[in-house]
Amino acid sequence: MAKYYIQSGSVSFVVCANDAEGAALWAMHRVIDEKICDYEEQRLLDMWFEDEVDEEPIDGVPQAVPYEAMLEGLADFGEMIMISEIGVGRDEAGLLHTEDIFGQWRQLMQAVDRLFDQMG
Numbered sequence: 000m001a002k003y004y005i006q007s008g009s010v011s012f013v014v015c016a017n018d019a020e021g022a023a024l025w026a027m028h029r030v031i032d033e034k035i036c037d038y039e040e041q042r043l044l045d046m047w048f049e050d051e052v053d054e055e056p057i058d059g060v061p062q063a064v065p066y067e068a069m070l071e072g073l074a075d076f077g078e079m080i081m082i083s084e085i086g087v088g089r090d091e092a093g094l095l096h097t098e099d100i101f102g103q104w105r106q107l108m109q110a111v112d113r114l115f116d117q118m119g
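Residue 19 in numbering that gives the first Met the number 0 sits at position 20 of the sequence shown; the count goes up by one each step and never skips.
Given below as structure tokens:
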């Protein structure tokens with residue numbers, strides 16, 4: 000696996016991946032996962048203090064992923080994701096549309112959701 004420098008908006012990571020696209024996907028997952036953890040922590044506190052938690056499923060969004068947390072994570076990215084094997088601020092390994100990587104991330108999370116559903 001190669002080491003990639005990822006930069007987009009306020010996001011800046013160094014990750015190991017098989018390719019540049021995989022590195023961008025991994026960085027997106029790390030950012031959104033952090034937001035999900037923050038959201039779930041707040042949700043547990045709300046449930047503890049008996050605040051009403053009302054969530055409607057949204058078509059095309061994995062049920063295990065809170066919509067607000069997903070949008071907060073996505074908002075940290077710029078329009079493009081710069082990928083480099085040399086250093087931050089370069090894009091010789093790739094310049095990808097955030098929207099495309101987000102679409103791939105959603106598909107991956109939907110597949111994981113289906114696997115968990117099948118497992119019972």
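Glycine included, C-beta positions come from ideal geometry on N, C-alpha and C.
Item to check | Rounded straight-line distance, which links the Cα of ALA1 to that of GLU98 | outcome: Going by the C-alpha atoms only, they are around 24 Å apart.
Checklist entry - Helix, strand or coil: which one does DSSP assign to ILE85? => result Residue state, collapsed to three classes: coil.
Checklist entry - Hey, is the region 66-78 in contact with the region 2-11, meaning 3+ C-beta pairs nearer than 8 Å? => result Yes, the region 66-78 touches the region 2-11.
Item to check | Simplified DSSP assignment, three categories, for MET79 | outcome: The three-state reading of DSSP puts MET79 in strand, counting E and B together.
Next on the checklist: Strictly under 7 Å for the Cβ-Cβ distance: is ASN17 near chain C by that measure?
Outcome noted: Of the chains in the structure shown, none is chain C; there is only one protein chain.
Next on the checklist: Applying the 10 Å Cβ sphere with the 16-neighbour rule, what's the burial state of MET27?
Outcome noted: Buried, since its Cβ has 16 or more Cβ neighbours within 10 Å.
Checklist entry - In its own chain, which residues sit with a C-beta less than 6 Å from the C-beta of TRP25, not counting the 5 before and 5 after it? => result So the qualifying residues of the chain are VAL14, ALA16.
Checklist entry - Residue range of the beta strand (DSSP E) that ALA1 falls in? => result Annotation: the continuous beta strand (DSSP E) that includes ALA1 extends over 1-7.
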